[in-house]
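First up is the structure itself, then whatever we jot down about it.
Protein chains: 2
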Amino acid sequence: MQDIEKLQFLSEDQVRQIAQGGTPVFVYSRSRLAKSARQALAFKVLYGLTVRYAMKANPHPEIIKLFAGLGLGIDASSGFEADVAIKAGVNPQKIQLTGQELPANLADLLKVGVGFTACSLHQLEEYGKLARGKEVGVRINPGAGAGMNNRLTTGGLAASFGIWYEYINQIHTIAKKYKLIINHLHTHAGTDTSSEGWLNVAKRNLGFLSQFPDAVSTSLGGGFKIARMSYEKSADLQEISIPIAKLLKEFYEQTGRKIHLEIEPGKFLVTNAGTLVTRVIDSKDTGKNGYNFLVIDGGMTEIIRPAMFGAQHPLVVVPRNERKSNEVTEYAVAGHCCESSDVLTVVPGDPETLQPRKLERAEIGDYLCVEGAGAYCASWSTVGYNSFPAAREIIID
Amino acid sequence: MQDIEKLQFLSEDQVRQIAQGGTPVFVYSRSRLAKSARQALAFKVLYGLTVRYAMKANPHPEIIKLFAGLGLGIDASSGFEADVAIKAGVNPQKIQLTGQELPANLADLLKVGVGFTACSLHQLEEYGKLARGKEVGVRINPGAGAGMNNRLTTGGLAASFGIWYEYINQIHTIAKKYKLIINHLHTHAGTDTSSEGWLNVAKRNLGFLSQFPDAVSTSLGGGFKIARMSYEKSADLQEISIPIAKLLKEFYEQTGRKIHLEIEPGKFLVTNAGTLVTRVIDSKDTGKNGYNFLVIDGGMTEIIRPAMFGAQHPLVVVPRNERKSNEVTEYAVAGHCCESSDVLTVVPGDPETLQPRKLERAEIGDYLCVEGAGAYCASWSTVGYNSFPAAREIIID
């Protein structure tokens with residue numbers, strides 16, 4: 009099943025050249041970012057589409073700017089994220105704030121036009137005090153999510169996101185009290201949902217629309233599966249969009265309401281537009297029954313996903329000089345932290361167990377590229393652990 | 009088994025007062041830090057003891073300074089850490105560098121007197137080039153560690169730390185080439201080892217001393233189990249020290265060599281000297297078959313250990329006004345990140361599954377203290393995720 013993975017968008021020469029400026033370094037590809045944005049914008053709908061970039065995946069200002077320029081809106085998870093987006097030049101009216109924590113500066117954000125989705129009855133009440141008579145979105149926990157028995161669900165009994173669907177009456181009570189107009193309904197299908205799973209949850213979620221007569225738009229969130237390894241397959245957004253468009257058409261035929269659709273992809277847009285370039289700083293083994301280790305000058309300081317979830321990322325060796333052979337060796341790859349968790353080659357979904365990979369033979373001083381590092385790597389890193397400084401981030405054209 | 013946990017060193021009034029300055033905030037207790045340092049210094053030995061603080065657990069300059077003032081040395085895991093310790097005022101000669109990554113400024117660090125332990129044959133070779141004829145330590149992977157089938161081991165086949173014990177001949181070859189004197193032998197028993205486990209590994213590790221005739225000191229690393237929850241029990245350092253002292257005495261009787269002992273505790277020194285004070289920002293539930301959630305204004309941005317390892321930390325509610333009742337409710341506690349992993353109440357060792365806790369009843373605006381947050385919290389946080397700023401850190405007397 010496991011092939012030798014290839015560089016996704018850099019040439020070996022580019023890796024060598026970029027590494028001259030210092031490693032570890034995140035390299036983002038502008039053309040890859042644009043390509044995935046276009047794929048998301050091609051989501052087929054009948055009554056209007058807004059694609060919001062879930063900027064928590066990677067809040068690099070250049071990435072935010074690029075997406076905004078292509079017509080994407082922003083999904084901000086905190087007031088701080090909204091500030092970052094505004095500072096990056098995004099029109100505040102294109103930002104929708106949907107988060108667990110009510111920002112201290114909510115009044116200021118609303119004043120400049122940031123949209124707000126209440127994720128709890130408390131948030132709705134506080135919003136009502138600030139914005140009596142205004143429009144607002146609500147996030148509903150639809151009572152079911154993808155991967156219900158797993159913490160990676162964003163809906164269902166075990167999820168703290170949104171307002172539990174049985175409390176819709178209380179939403180209306182608060183809305184009435186503050187004369188709020190609930191013009192937007194947010195739900196979220198989960199993470200890494202299959203096309204089918206996505207549709208099933210979407211169906212259930214859209215069912216709540218009838219209880220919000222003023223809603224003119226609905227967001228289904230993100231969570232589109234994205235392939236990193238060569239043996240994986242990404243969600244096909246076109247394929248997902250067709251039955252959802254059909255659902256919205258049926259809803260129109262039954263109710264006369266044309267619902268504008270929003271989606272909020274994060275990792276779908278950036279995952280495969282980012283590479284972490286590291287340098288091999290050591291090579292050692294634990295005897296003939298043991299492992300061949302490569303140690304790199306990055307690791308959980310830049311990418312904690314393998315250590316945390318057993319996430320698989322393509323690892324590609326680039327020799328520091330021109331390639332002379334394609335000899336393959338089985339390697340375990342460790343990061344530079346003094347931390348036994350800092351390992352990049354683990355069993356899928358089981359970070360506790362080492363699983364070496366076949367890689368092209370590497371020597372100390374060669375480079376090792378971690379592909380699929382555009383999402384939840386720089387943004388979710390343990391920067392500063394072992395006092396290592398933050399990795400550089402660059403964008404290439 | 010589960011009791012309602014209590015505040016460890018703050019009073020409820022102190023929590024309220026400190027929280028006025030903003031939450032989330034890490035509070036470290038100077039007296040608790042000093043107490044644990046004294047416990048470590050009481051490790052019984054016959055031929056001298058050095059206690060080095062494994063500063064990766066918490067590199068706060070005031071903590072480093074305090075420990076240095078009490079006579080502790082520093083275990084630095086990177087050149088960057090050594091720089092931080094020197095900047096905090098530590099005498100460089102009290103710092104031993106034992107890390108996965110050879111610092112770019114190694115020559116400068118050696119010049120001011122930082123000690124060096126080679127963790128690979130490559131590191132030893134590079135050290136030899138810089139410091140021909142000088143003294144050096146080596147770290148050996150003794151071929152067995154605590155929790156061998158688990159990534160939390162720092163010895164054994166699956167550990168990338170140190171030089172595999174079968175390659176001791178190669179160590180001597182390199183040492184001879186550069187006329188290096190191997191005066192220090194480092195091994196490491198693992199993490200959370202029981203007293204018995206610790207002794208067994210120590211016994212095996214000390215066995216390697218006979219192969220290093222110039223070694224005058226040996227480090228057994230850290231990894232002493234520390235209790236956070238009221239039902240847990242910390243390692244008893246006195247109890248651990250006695251049989252180790254006996255081992256070293258036997259070694260002296262057999263060889264005439266008096267070996268100076270080093271230990272490198274990290275979490276043992278700081279874990280229970282730190283509290284993360286957060287504020288309850290939301291309260292919601294998922295119906296009668298679901299969970300009562302408290303949402304706090306901290307989370308994986310400050311403490312990723314529950315989400316990563318299923319680590320258990322005491323959670324203590326402090327009402328924002330004086331306590332009126334001791335009513336108890338079962339709560340699931342979620343952090344402020346838009347991230348389903350951001351949960352603090354999970355099954356021990358199983359971060360995928362929610363496990364609510366009995367806590368004193370809390371309302372929005374009350375405080376929630378996460379105890380046992382002195383080690384691997386601030387230093388191992390995902391600061392910046394969702395663009396949340398870093399938590400404050402303060403030290404109290």
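Order-wise, the sequence lines are chains A and B. Using this note's numbering, the first residue of the first sequence is number 9, and each one after it goes up by one. Using this note's numbering, the first residue of the second sequence is number 9, and each one after it goes up by one. Quick reminder that beta carbons are idealized off the backbone N, C-alpha and C, glycines included.
Not one beta carbon of chain A lies nearer than 9 Å to the beta carbon of Pro327/B. Cβ contact annotation for Glu109/A (same chain, cutoff 8 Å, sequence separation greater than five): Ser86 and Gly87, in chain order.
Pairing Gly56/A with Leu269/A gives a Cβ-Cβ distance under 9 Å. Taking the C-beta atoms as reference points, Phe259/B is found no nearer than 9 Å to Ile271/B.
Under the 9 Å criterion on CB atoms, Asn177/B is classed as non-interfacial with respect to chain A. Interface flag for Lys102/B against chain A is unset, since no Cβ pair is found closer than 9 Å. When DSSP states are grouped into helix, strand and coil, Tyr61/A belongs to the strand group. Contact between Arg287/B and Ile304/B holds, with the beta-carbon distance rounding to 7 Å and staying under 8 Å. Using a 10 angstroms sphere on the CB of Pro397/B, the tally of other CB atoms stays under 16, which defines it as exposed. Taking Thr58/B as reference, the option from Pro69/B, Asn66/B and Ala76/B with the minimal CA-CA separation is Ala76/B. Counting of Cβ neighbours within 10 angstroms places Gln262/B among the exposed residues, the total staying below 16. Fewer than three beta-carbon pairs drawn from the stretch 226 to 236 of chain B and the stretch 179 to 190 of chain B are found closer than 8 Å, and the two stretches are therefore not classed as touching. Neighbourhood of His192/A in chain B, by CB distance below 7 Å: empty, with the nearest CB roughly 17 Å away. Distance from Tyr61/A to Leu217/A at the Cβ level is roughly 24 Å; contact not present, criterion being Cβ atoms closer than 8 Å. With respect to the 9 Å criterion, Glu143/A and Ile176/A are not classified as neighbours on the basis of their beta carbons. For Ser387/A, the three-state secondary structure derived from DSSP is helix. Contacts with chain A at 9 Å (Cβ-Cβ) do not include Gln28/B.
In the structure shown, the three-state DSSP call for Phe232/B is strand. According to DSSP, Thr226/A shares a beta bridge with Leu193/A and Leu269/A.
The Cβ atoms of Arg236/B and Gly380/B sit closer than 9 Å to each other. The beta carbon of Cys385/A sits no closer than 9 Å to any beta carbon of chain B.
If you compare the alpha carbons of Tyr299/A, Gly107/A and Ala84/A with that of Pro100/A, the shortest gap goes to Ala84/A. Straight through space, the alpha carbons of Ala319/A and Asp116/B are spaced by roughly 38 Å. Per the Cβ contact rule, the stretch 33 to 40 of chain A is in contact with the stretch 280 to 294 of chain A (3 or more Cβ pairs under 8 Å). Membership of Asp374/A in any beta strand (DSSP E) is not indicated, and neither H nor E is assigned to it by DSSP.
For Ala48/B, the closest C-alpha among the options Ala399/B, Ile234/B and Gly145/B is that of Ile234/B.
The three-state secondary structure of Gly123/B, taken from DSSP, is strand.
Arg313/B sits close to His321/B, with the two beta carbons spaced by under 9 Å.
Taking a cut-off of 8 Å on C-beta distances, the stretch 295 to 310 of chain A touches the stretch 376 to 393 of chain A, as three or more cross pairs fall below it. Here the alpha carbons of Asp222/B and His192/B stand approximately 8 Å from one another. Among the residues of chain A, those whose CB is under 8 Å from the CB of Asn149/B are Thr294, following chain order.
Nearest neighbour of Ala340/A by Cα position, chosen from Ile72/A, Glu368/A, Phe232/A and Ala65/A, turns out to be Glu368/A. Rounded to the nearest angstrom, the gap between the Cα atoms of Ser348/B and Trp172/A is 16 Å. Taking a Cβ-Cβ cut-off of 9 Å, Gln320/B has no neighbours in chain A, whose nearest Cβ is about 16 Å from it.
Neighbours of Thr390/B in chain A, taken as residues whose beta carbon is under 9 Å from its own, are Ile312, Ser387, Trp388, Ser389, Thr390 and Val391 in chain order. Among the residues facing chain B, His180/A is not included, as its CB has no counterpart in that chain under 9 Å away.
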